[in-house]
Amino acid sequence: MKLRHWLARLARIALTLALAWVLARAWFQSAASERLWTWINWQFDAGARPGLASDIETVLVLAVSLAVSVCAVLLLRGLCRRRIRQQRRT
Numbered sequence: 001m002k003l004r005h006w007l008a009r010l011a012r013i014a015l016t017l018a019l020a021w022v023l024a025r026a027w028f029q030s031a032a033s034e035r036l037w038t039w040i041n042w043q044f045d046a047g048a049r050p051g052l053a054s055d056i057e058t059v060l061v062l063a064v065s066l067a068v069s070v071c072a073v074l075l076l077r078g079l080c081r082r083r084i085r086q087q088r089r090t
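Residue 1 is where the sequence shown starts when you use the numbering used here, and the numbers rise one by one after that.
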């Protein structure tokens with residue numbers, strides 16, 4: 001594969017991870033994060049294991065933010081490819 005292809009792939013991965021980090025950080029700073037943590041904490045042993053609730057929330061938020069960022073990057077990639085094709089036709 002060409003170097004250009006690898007650089008484009010690395011750029012997509014970097015964009016995906018950066019977007020996932022921003023989404024996760026925004027979530028953890030929101031009030032909804034505290035409500036979710038409280039709800040998860042209450043579901044497990046009536047609040048006896050708060051560390052487990054934190055771990056579950058962290059894994060859940062990271063998985064969701066990564067999925068959302070991957071979808072966003074794929075959509076952007078498709079839009080960019082479509083625009084390039086239209087420019088080549090004209």
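Even glycine gets a Cβ: it sits at the ideal position worked out from N, Cα and C.
All values derive from a computational prediction rather than experimental measurement.
- [ ] Would you mind stating whether residue 8 and residue 65 have Cβ atoms separated by less than 8 angstroms?
- [x] The residue you call residue 8 lines up with position 8 of the sequence shown. The residue you call residue 65 lines up with position 65 of the sequence shown. For the 8 angstroms CB-CB criterion, residue 8 and residue 65 do not form a contact.
TODO: Could you check which residue in 79, 72, 6 has the C-alpha nearest to that of residue 16?
DONE: As a working mapping, residue 16 is identified with position 16 in the sequence shown. If we check each option's Cα against that of residue 16, 72 comes out closest.
Task: Distance between residue 43 and residue 80 (C-alpha atoms, nearest Å) - done: Counted from its first residue, the sequence shown places residue 80 at position 80. Counted from its first residue, the sequence shown places residue 43 at position 43. Rounded to whole angstroms, residue 80 to residue 43 spans 44 angstroms at the Cα level.
- [ ] Check whether the Cβ atoms of residue 28 and residue 68 lie closer than 8 angstroms to each other.
- [x] As a working note, residue 28 is residue 28 in the sequence shown. As a working note, residue 68 is residue 68 in the sequence shown. No, the Cβ-Cβ distance between residue 28 and residue 68 is not below 8 angstroms.
Task: Limits of the alpha helix (DSSP H) - the one that residue 69 falls within - done: Locating residue 69 in the sequence shown gives position 69, counting from the first residue. Element bounds for residue 69: 50-89.
Open item on the list: For residue 24 and residue 85, I'd like the C-alpha separation in whole angstroms.
Closed with: Residue 24 sits at position 24 when you count from the first residue of the sequence shown. Residue 85 sits at position 85 when you count from the first residue of the sequence shown. The straight-line gap from Cα to Cα measures roughly 34 angstroms.
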